[in-house]
Each structure stands twice: as structure tokens, then as C-alpha cells.
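For the sequence shown, this note's numbering begins at 25 and goes up steadily by one.
Every residue, glycine too, gets a C-beta built ideally from N, C-alpha and C.
Bear in mind the structure is a predicted one, so any value in this text is a computation, not a measurement.
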Amino acid sequence: MGKKMNKKATFHNRQNDYESLEKHLLSTYSSGVYISSFDLVQIGAKLGLELPLKERDVLIRKLFGEMKEHNRLGELLAHFMLLLKDRTTTYIRLGNQHLDAREVIGVWMQKAASTDRLLKHEAQKEATHANG
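Laid out in C-alpha cells, this is it:
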């Protein structure tokens, strides 16, 4: 019984090496942005995937799974980076329009910048893995 549990755990780890990144992206507190189900469906469409509108965790797991299977994780990460860039631009505009909210918006921007660095790091690891 212990061996089966270990095999299952090992399979799960191989199945989704990006679980912590997925959770980070889905956590507004961690990532600095809210990524909606619609955002995920749109990213999927840009990558040639037709995804039904479902819960965010289901969609992001599907995106990472499909892109990993087809060696296209770098493309997926690039789309998340573009989403972050777009949201940061919106934050700048909102900060300029609502001066009293700049402090809060600044925190969101810092978290979004950290998430962008994380995505760039993952993309570099993926490129190194794909080339080596």
C-alpha cells in the first residue's frame, strides 16, 4: 500500500511540475493581478486551444498540461508576461487618475513585477531544458 502511494505521488509530481507557479498566478495576493477564467480562455485561444469557460484552477492546469505536452511552455509563459505588462499599464493609468490609491497600486505593481521576473526565470529554465 505504501508503494502505491509513493508511485502516485511521484506520478503527480511529474504530471504537474508547474503547480506552484499555477497557484502563484491564480493568487492575486501573490501575483499582484487577478487572472480571470476569461483571461485564461483568451490565452488558450491565442495558443490554438479551445477551452470551455470553467474554474480558473481547471483552466490553468489544462493550459500548462497541454503546452508542456507539446513543448510550448515558453509560449504560454510569454502570454502570461504580456498579460502582466497590460495590467501594469492599467495600474499606471489608475495611479495617475487616483492619486490617493497610488500606494496600494504600487504594491500591486511590485508584486506584478516580481511575478514577471518569476515567469522570465521559468522561461529561461524551459529554454535551457528544451535546448539541452
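Rounded to the nearest angstrom, the Cβ distance from Leu75 to Leu83 is 6 Å, consistent with a contact under 8 Å. Taking a C-beta distance under 8 Å as the contact criterion, Gly68 and Leu97 do not qualify as a contact pair. Pairing Leu108 with Asp140 gives a Cβ-Cβ distance under 8 Å. In this structure, Ala136 is the residue among Ala136, His122, Glu146 with its C-alpha nearest to the C-alpha of Thr52. DSSP, read as helix, strand or coil, puts Tyr42 in coil.
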